[in-house]
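A.B. asks:
In my numbering, the protein residues as written are 4 to 73.
(1) Within the stretch 19 to 59, note down every full alpha helix (DSSP H) run reaching 4 residues or more, in order along the chain.
(2) Using the C-alpha atoms, what's the distance from residue 64 back to residue 8?
(3) The alpha helix (DSSP H) spanning residue 10 covers which residue range?
(4) Whole angstroms is fine: what's the gap from residue 21's alpha carbon to residue 58's?
(5) So, do the stretch 8 to 19 and the stretch 31 to 40 have three or more beta carbon pairs nearer to each other than 8 Å?
(6) Could you check the C-alpha separation between residue 60 and residue 72 for me, to the nearest Å?
(7) Can you tell me which of 19, 13, 69 and 68 puts its alpha carbon nearest to the alpha carbon of residue 51?
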């Protein structure tokens, strides 16, 4: 899923891409590798995070409201 300025249709040329994913088997090395690969493929900065219970309620609400599933 992605959220943030791209999901809202408000991205600027300097905007990053905010990506969130769910997994039962979190792996920091895989997450970092995915972030680097997406940054290269999209030719722009990518912020990536795992959707999990410990996310702040405010961030969860924003993701739930804006998320575009791909």
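Built from N, CA and C at the ideal position, the CB exists for glycine as well. Only a predicted model underlies this, so the values are computations on that prediction, with no experimental measurement involved.
C.D. replies: In short:
(1) 31 to 45
(2) Residue mapping note: residue 8 aligns to position 5 of the chain shown, counting from 1. Residue mapping note: residue 64 aligns to position 61 of the chain shown, counting from 1. Rounded to the nearest angstrom, the two C-alpha atoms are 15 Å apart.
(3) Position 7 of the chain shown, counted from the start, is the residue given in the question as residue 10. Segment 8 to 11, the alpha helix (DSSP H) holding residue 10.
(4) Position 18 of the chain shown, counting from 1, holds the residue named residue 21. Position 55 of the chain shown, counting from 1, holds the residue named residue 58. Cα-Cα distance, rounded: 15 Å.
(5) By the Cβ criterion, the stretch 8 to 19 is not in contact with the stretch 31 to 40, since fewer than three pairs of Cβ atoms, one from each stretch, lie closer than 8 Å.
(6) Residue mapping note: residue 60 aligns to position 57 of the chain shown, counting from 1. Residue mapping note: residue 72 aligns to position 69 of the chain shown, counting from 1. Roughly 20 Å between the two C-alpha positions.
(7) Taking the first residue of the chain shown as 1, we reach residue 51 at position 48. Among 19, 13, 69 and 68, the Cα nearest to that of residue 51 belongs to 19.
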